[in-house]
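To start, the structure under review is shown below, and the notes come after it.
Numbering (the working numbering), first residue to last: 1 to 638.
Here you go:
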């Protein structure tokens, strides 16, 4: 079967061309050919068709083989080029071969033509395949180089001594070292002191035959920053023998920091839930202790032999109640009374008190920003935060020092929030409290906001001061960060969301002496001791009292006495039917009915937030007798 052969013939003689074509057919080819004898004709032929071979007479009147060969080079064609000539000298033939011709055939020796064509076609195929392979290799190398240079990870190679032999641009960016500084230096030189053995062990294990080794390693950047890398390595082989190591190192510093922040937040949330539950249960107990002690004191003269003992019971109960309030503050379950105010005013008003608290051996300085933005917060809670931070600073400077309180407006952008996952972009007011005390190591900083954690000696602190600060700031949707090093003091930075508006002047309530009455009050409380206490207090004031142990019981009692009940006192959280459900059931039918809620928690998003939303009254457990009597009378008189 004939093989198609596309032949471009550079020849001015038609007879010689036909002779050539006949020879090709005799050799088993089916030639598709075109004869050209000028540069223009050859250009056109190259444009119209792809050719397998060019066969050219050496010398034509208007064209020549060397010119045709030059045209092919200009056009970028790599085609077999065979010169066929009736008369060509040896020197001319050698020059033509040097110029790129692949063979030359004398017209009187056509026997060499077919073998030469077959050979050149084979070699052309070989050249094309080599060129294709070279292009593929070049593209592969370019892709690898592009990947090597532009990957998000550090990519490097080492010799078996651990010396760098290559280092990509990402490595330069992350470490701060240039390629010239790195190449030839040893990997161990940039490893964090104390971790060089980790690297050498990796190399040893890799050479021992471990296929894949991934490990974490800390290095020190040129500017001194410590960078945590997740490193994967493989051996480089040459002729079956290991000659080096290739490594890919990912910077996981930020990821690990965010994971640590998340773990810390989850731990604090869990501790807060536990602390809030404990405080709730203790508040129920303390309500009975304080209330019954109070009630007994009302009925005794100061000269009674039990009066002092009962007063001590009440005092100890109130001390315990303060601890539970601190736990509730940490658990973010306090009832807040937010209002717009200027933080500078709070600091100025507290300055004299703070100077007495920290003592004369500590220099207190305030740096307050002009035009400070307004915050919407509970003034008394923020005052507590400031006092607790100053007391903490005082305790860190037993031999004196400097305490600096600073305020300023700050804008937290997206970049900041990416590294602080609980932050939201926006305008904030910064409260900074810095001391020149003993400072803290990293392990201490990770625990300082935990309740009952303290570095003070036994009996010198409850470990709730900073926990309370943490809870208050979180409940205000703020941020708190601590910056400290042993021997270099500490700085606490608090960010409170800024608002637009004017500060509100504080209103001083008018306190009246408590009065009783003769109205009927329904008490819904699941804790027996608390329920009995409220009954005893109200009955001593002349009120008629009905009781229920849960919400369902309260609905039933109310239905039986609906015309005579003037006020319902209800626990916010009860089994079977809670305070909110009780309120909603009765309020729909009797809009004028008055409610007073009591709770061992303060604000809980699901059960007690409605108290604020509806503008209702809440009394915190443990409450004292006077507060209960006054609040009941106030509601009944409205």
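Yeah, the Cβ is synthetic: ideal placement off N, Cα and C, and Gly gets one too.
Residue i by DSSP, collapsed to three states: which one?
i: residue 562; result: coil
i: residue 101; result: coil
i: residue 621; result: coil
i: residue 88; result: coil
i: residue 343; result: helix
i: residue 401; result: strand
i: residue 350; result: helix
i: residue 251; result: strand
i: residue 115; result: helix
i: residue 23; result: helix
i: residue 424; result: coil
i: residue 495; result: strand
i: residue 214; result: strand
i: residue 13; result: coil
i: residue 416; result: helix
i: residue 229; result: strand
i: residue 63; result: coil
i: residue 474; result: helix
i: residue 587; result: helix
i: residue 382; result: helix
Once the 5 residues before and after residue i are set aside, which same chain residues still bring their CB inside 6 Å of it?
i: residue 568; result: 522, 595
i: residue 214; result: 232
i: residue 427; result: 411, 498
i: residue 289; result: 317
i: residue 300; result: 307
i: residue 242; result: 235
i: residue 246; result: 157, 234, 236
i: residue 128; result: none
i: residue 593; result: 586
i: residue 486; result: 439, 441
Quick one: residues in its chain with C-beta nearer than 7 Å to the C-beta of residue i, no 5 flanking neighbours on either side, listed in chain order?
i: residue 292; result: 533
i: residue 62; result: 37, 38
i: residue 437; result: 393, 396, 397, 401, 489, 490
i: residue 250; result: 153, 229, 230
Apart from the five residues on each side of it in sequence, which residues of its chain come closer than 8 Å, Cβ to Cβ, to residue i?
i: residue 82; result: 53, 54, 55, 56, 101, 102, 103, 104, 105, 113, 116, 117, 120
i: residue 413; result: 425
i: residue 160; result: 203, 207, 242, 243, 244, 245
i: residue 372; result: 342, 343, 344, 407, 408, 409, 429
i: residue 445; result: 482, 484
i: residue 417; result: 423, 424, 425
For residue i and residue j, which I take to be in contact (beta-carbon distance under 8 Å), what is that distance rounded to the nearest angstrom?
i: residue 492; j: residue 433; result: 5 Å
i: residue 17; j: residue 3; result: Incorrect: roughly 20 Å between the Cβ atoms, too far for contact.
i: residue 354; j: residue 390; result: 5 Å
i: residue 208; j: residue 196; result: Not quite, the Cβ-Cβ distance comes to about 19 Å (not below 8 Å), so this is no contact.
i: residue 625; j: residue 295; result: 6 Å
i: residue 478; j: residue 496; result: 5 Å
i: residue 439; j: residue 394; result: Not a contact, Cβ separation roughly 15 Å.
i: residue 5; j: residue 29; result: 4 Å
i: residue 71; j: residue 109; result: Incorrect: roughly 27 Å between the Cβ atoms, too far for contact.
Could you check the C-alpha separation between residue i and residue j for me, to the nearest Å?
i: residue 565; j: residue 374; result: 45 Å
i: residue 406; j: residue 175; result: 35 Å
i: residue 633; j: residue 524; result: 18 Å
i: residue 656; j: residue 597; result: One cannot answer for residue 656 here, as it falls past the ends of the chain, which runs 1 to 638.
i: residue 230; j: residue 402; result: 42 Å
i: residue 689; j: residue 494; result: Shown here, the chain extends from 1 to 638; a query on residue 689 therefore has no answer.
i: residue 511; j: residue 630; result: Because the pLDDT at residue 511 is just 48, under 50, the model does not fix this residue reliably, and the value given afterwards should be weighed accordingly. Using only the alpha carbons, I get a separation of about 9 Å.
i: residue 509; j: residue 614; result: For residue 509, the pLDDT reaches just 49, beneath the cut-off of 50, and the residue's location in the model is therefore unreliable, leaving the point undetermined.
i: residue 132; j: residue 255; result: 44 Å
i: residue 639; j: residue 516; result: Given a span of 1 to 638 for the chain in the structure shown, any question on residue 639 remains unanswerable.
i: residue 655; j: residue 362; result: Residue 655 lies beyond the stretch modelled for the chain, which goes from 1 to 638, so this question has no answer here.
i: residue 388; j: residue 356; result: 14 Å
i: residue 547; j: residue 520; result: 11 Å
i: residue 111; j: residue 94; result: 20 Å
i: residue 539; j: residue 545; result: 7 Å
i: residue 297; j: residue 310; result: 7 Å
i: residue 98; j: residue 91; result: 11 Å
i: residue 67; j: residue 79; result: 15 Å
i: residue 404; j: residue 347; result: 12 Å
i: residue 531; j: residue 476; result: 33 Å
i: residue 69; j: residue 77; result: 10 Å
Would you check if there are 3 or more beta carbon pairs closer than 8 Å linking the region 469-477 to the region 374-392? yes
Under 8 Å, with one C-beta from each stretch per pair, do the region 8-22 and the region 52-67 reach the 3-pair mark? yes
Check whether the region 235-243 and the region 181-192 touch, using three or more Cβ-Cβ pairs below 8 Å as the test. At 8 Å Cβ cutoff, the stretches do not touch.
If contact is defined by three or more beta carbon pairs under 8 Å, each pair taking one atom from either stretch, is the region 146-161 in contact with the region 67-86? no
Check whether the region 195-203 touches the region 220-230, taking contact to mean three or more Cβ pairs, one atom from each stretch, closer than 8 Å. no
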